[in-house]
Amino acid sequence: MPYIIYGATNSTGQSKPLGVGADNDYPKVYTYPYSKPGREISKVTLTIIDISAPNYVSHTRPQIIPPDEIRGWDHYITAPLVWISRSSVAVIWSRRSQNHTVISVCKEENNWMCNKLVDEQLSSTSGWLMVNEGPILSDDKKHMFMRLPVADGIFGTYDHIAMIYTESGKKYFLTHGQWVVTKLFAYRSDLHTLYFAATVYNEPGISPNGRYYISECLGPDIPTTYLLTVDDNKFIETLDINEELRKTFAKTSLPKIKYLTIRSDKGSDIRIELILPQLLIEDEDTKYPAVIELNNRPDVQSVNYEHRLDWSRYLTSKKDYITIHIDVKGTGYQGNRHMFEVIGELGKEEVQDLKYAITYLKKSLPYIDKDKIVVWGRDYGGFLTVSLLATEEIVTCAIAVTPIANWKNY
């Protein structure tokens, strides 16, 4: 029978902050539900509609029942639902604490009661589970493929590809190592091959039949898009080379990019991107002001090989400033242990790493003017900027845009 599943949220018990609309001479006051720490969250339900029933509009609609491990706890549905068959669906549930996730199968024959297939629990006392993508199924529906964390000894966990049997729930990891799988795309049953990405600056896309893919190369050079075959990686054609951008760049003095990785005094890697003026010569005595831009959230990565046109590049090209990005503890794509080190103490470990990195740059790079170093950031980056100022005089100027002042209100 054909079914439709729809989700609904009940936000009755949530906090309702006020907002004021200023689009006319008589502003209106609005309230809207917004989750906050320690407060109620929306109640989520999934409802089934049997559209083959003659009176399905008024027909009784059963709800999908969460598995025992989730029922009774505040929870979220953290990934898109995926139909396994016409009468069974895979649903991923996570407790509000985000340290316990259940991948379940819900079947019509069980009155849409969900049964646990895989139970993922955080092995450490800090961190969170990030299972927020629906599984990819094999053609025979016997296997599903997902990104899940796997331990790598003292280095913590890294997100890798797990193959899960849809009947037994047995789980096997297909990839392993100190690197991160960032996205799954498609599975070709005829080739027994799964296609995935492990980069954040190239964006491939695979055709629905799995025969062709588009490779959108976003760096380090000017973005270019190609069409290739999946089977043998054969080049078909170039779809876009950003010709107008290339013409503009040919007449523009572009900055030079330099990457550094240093080891902090606590043994963690700090990655640094230096955006240098075109005329800078490292052996000369000329000194340049430096602007350090901080991340606006803790789980992202700003130091990578993606080609970007942003304010940092503008400052370097037009003002001859050195602009700097620094990935410290809490940033993404260096393993979950590196990202989770800031749990419960936001602003502590990151600031220590920033101080170490800035001190290193002052001592090691003679072309940086030590008396003209600016740090700036917005939101979480603004919070780090203020926290850095509160420690010691390591920079001469700081700009905090909408910094987070109280995490209870964030």
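Numbering of the sequence shown is given in the UniProt record's numbering, commencing with residue 1 and proceeding in unit increments. All C-beta atoms, glycine included, are put in the ideal place defined by N, C-alpha and C. No experiment lies behind these values; they were computed from the predicted model shown.
Burial state of residue i, where buried means 16 or more other Cβ atoms lie within 10 Å
i       : result
Gln-334 : buried
Phe-173 : exposed
Cys-397 : exposed
Ala-357 : buried
Arg-147 : buried
Ala-250 : exposed
Asn-336 : buried
His-75  : buried
Thr-323 : buried
Gly-332 : buried
Whole-angstrom distance between residue j and residue i, CA atom to CA atom
i       : j       : result
Trp-128 : Ile-399 : 31 Å
His-338 : Cys-106 : 36 Å
Ile-48  : Leu-81  : 13 Å
Arg-211 : Thr-31  : 49 Å
Glu-306 : Thr-224 : 12 Å
Arg-71  : Glu-167 : 22 Å
Arg-38  : Glu-120 : It should be pointed out that residue 38 corresponds to Gly in this sequence rather than to Arg. Gly-38 and Glu-120: Cα-Cα distance of roughly 24 Å.
Gly-169 : Gln-301 : 33 Å
Ala-151 : Leu-315 : 42 Å
Tyr-26  : Ser-42  : 32 Å
Pro-67  : Asn-233 : 43 Å
Arg-188 : Lys-141 : 12 Å
Tyr-158 : Val-181 : 8 Å
Ser-264 : Gly-344 : 21 Å
Asp-269 : Phe-185 : 30 Å
Arg-378 : Lys-319 : 22 Å
Leu-309 : Ser-253 : 13 Å
Asp-285 : Val-395 : 21 Å
Beta-ladder partner(s) of residue i, from DSSP
i       : result
Val-89  : Trp-83, Cys-106
Tyr-195 : Ala-186
Trp-376 : Glu-293, Ile-399
Ile-48  : Ile-5
Ser-94  : Tyr-76, Thr-101
Ser-215 : Pro-204, Tyr-226
Leu-274 : Lys-258, Ile-324
Integer Cβ distance of residue i from residue j, believed to fall under 8 Å
i       : j       : result
Lys-116 : Glu-69  : 6 Å
Val-91  : Leu-46  : 7 Å
Thr-385 : Val-375 : 5 Å
Proximity test, residue i beta-carbon vs the ligand MN heavy atom, cut-off 6 Å
i       : result
Thr-396 : By its list of ligands, the structure shown contains no ligand whatsoever, and the ligand MN lies outside what it can speak to.
Taking contact to mean 3 or more Cβ pairs, one atom from each stretch, closer than 8 Å, check whether the region 288 to 295 and the region 232 to 243 are in contact. Touching, no, given that fewer than three Cβ pairs across the two stretches are closer than 8 Å.
Does the structure place the region 162 to 173 close enough to the region 201 to 210 that three or more beta carbon pairs sit under 8 Å? In short, these stretches do not touch, since the Cβ pair count stays below three.
Does the count of Cβ pairs from the region 304 to 321 and the region 217 to 232 closer than 8 Å reach three? Yes, the region 304 to 321 touches the region 217 to 232.
Assess contact between the region 124 to 144 and the region 351 to 365, defined as three or more Cβ pairs (one per stretch) separated by less than 8 Å. Is contact present? Output reads no: the region 351 to 365 does not touch the region 124 to 144.
Measuring CB atoms only, is the region 267 to 282 touching the region 189 to 208, in the sense that at least three cross pairs come out at less than 8 Å? Not touching, per the Cβ criterion.
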